[in-house]
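Asker:
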Amino acid sequence: MPSSIKSNFLMGKLLFLLVLLLILSVASYANVANTYDDINCVTYKGIVHIMSRVNNLRFHCHSKDDDLGDVTRNAGEEYQIRFCLDFFERSRFRCHFYLESKQQDFIVYTEAPLTETQPYCYRGDYDMDCYWKVEEDRFYYPKTF
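In the working numbering, the protein residues as written are 1 to 145.
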């Protein structure tokens, strides 16, 4: 094969790989939206439900790419984090909770299993939906309520 044809063939392969890498990078972006229908995902959709059973529950949630800001919920109110699951299974959301003088910080959702001993929602256990309930005495995750 002449060197110019070989060079063009290699350039075509390289271009294909670059385009594929770009597509995978875009697909792995953890798109977060206010409503479930607002999300156009290449991958599956995920949702974390945080249900408050107390008044004046304050919290701040974030992922590596998205800071969801400060939130306050009262008894009977729910907060939802809606997002596209990461193509490379790296979706992870952490929240810091404040209730009167008490504070708690932990991972509320991850696609990859963790070695941590504290509870968290893991995609393999709960599909793409994760439910947390906050009561006066503690945080309840899916295995406990």
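Heads up, the beta-carbon is just placed ideally off N, CA and C, and yes, glycines get one too.
Rounding to the nearest angstrom, what Cα-Cα distance links isoleucine 107 and cysteine 41 in this structure?
Answerer: Along the sequence shown, read from residue 1 onward, the residue named residue 107 stands at position 107. Along the sequence shown, read from residue 1 onward, the residue named residue 41 stands at position 41. C-alpha separation (whole angstroms): 23 Å.
Asker: Please report the residue range of the beta strand (DSSP E) in which glycine 46 lies.
Answerer: Translated into positions along the sequence shown, residue 46 becomes position 46. Run containing glycine 46: 45–52, per the beta strand (DSSP E) assignment.
Asker: Secondary structure at leucine 14, three-state DSSP: helix, strand or coil?
Answerer: On the sequence shown, position 14 is the one that residue 14 refers to. Residue state, collapsed to three classes: helix.
Asker: Do you know offhand how far phenylalanine 97's Cα is from asparagine 8's?
Answerer: For this step, residue 97 is matched to residue 97 along the sequence shown. For this step, residue 8 is matched to residue 8 along the sequence shown. So the alpha carbons of these two residues sit roughly 57 Å apart.
Asker: Give the range of the beta strand (DSSP E) segment to which cysteine 84 is assigned.
Answerer: Taking the sequence shown and counting its residues from 1, one reaches residue 84 at position 84. 78–84 is the extent of the beta strand (DSSP E) around cysteine 84.
Asker: Under 7 Å, do glutamate 135 and arginine 53 count as touching if we go by C-beta distance?
Answerer: The residue you call residue 135 lines up with position 135 of the sequence shown. The residue you call residue 53 lines up with position 53 of the sequence shown. Yes, these two residues count as a Cβ contact at 7 Å.
Asker: Can you find the residues in the same chain that come closer than 7 Å, C-beta to C-beta, to asparagine 139, ignoring five residues on each side of it along the sequence?
Answerer: The residue you call residue 139 lines up with position 139 of the sequence shown. Sequence inspection shows phenylalanine at residue 139; the asparagine mentioned does not correspond to that position. Here the set comprises Gln104 and Trp132.
Asker: For leucine 99 and arginine 58, what's the separation of their Cα atoms in angstroms?
Answerer: The sequence position of residue 99 within the sequence shown is 99, counting from 1. The sequence position of residue 58 within the sequence shown is 58, counting from 1. Approximately 6 Å, taken between the alpha carbons.
Asker: Measuring straight from C-alpha to C-alpha, what distance separates glutamate 89 and histidine 62?
Answerer: Residue 89 sits at position 89 when you count from the first residue of the sequence shown. Residue 62 sits at position 62 when you count from the first residue of the sequence shown. Each residue's alpha carbon lies about 17 Å from the other.
Asker: What does DSSP give as the partner residues of valine 108 in its beta bridges?
Answerer: For the purposes of this step, residue 108 is taken as the residue at position 108 of the sequence shown. Answer is none; valine 108 lacks a bridge partner.
Asker: Quick one: give me the first and last residue of the beta strand (DSSP E) that valine 134 is part of.
Answerer: Counted from its first residue, the sequence shown places residue 134 at position 134. Per DSSP, valine 134 belongs to the beta strand (DSSP E) from 129–134.
Asker: Assuming contact is defined by CB atoms lying nearer than 7 Å, are valine 71 and cysteine 130 in contact in what I supplied?
Answerer: What you label residue 71 is simply residue 71 of the sequence shown in a count that begins at 1. What you label residue 130 is simply residue 130 of the sequence shown in a count that begins at 1. Going by C-beta atoms, valine 71 is not nearer than 7 Å to cysteine 130.
Asker: Can you give me the start and stop residues for the beta strand (DSSP E) that aspartate 70 sits inside?
Answerer: Working through the sequence shown from its first residue, we reach residue 70 at position 70. Per DSSP, aspartate 70 belongs to the beta strand (DSSP E) from 67–73.
Asker: Quick check on glycine 76: buried or exposed, where buried means 16 or more other Cβ atoms within 10 Å of its Cβ?
Answerer: Sequence index remark: in the sequence shown, residue 76 carries index 76 (1-based). Flag for glycine 76 reads exposed.
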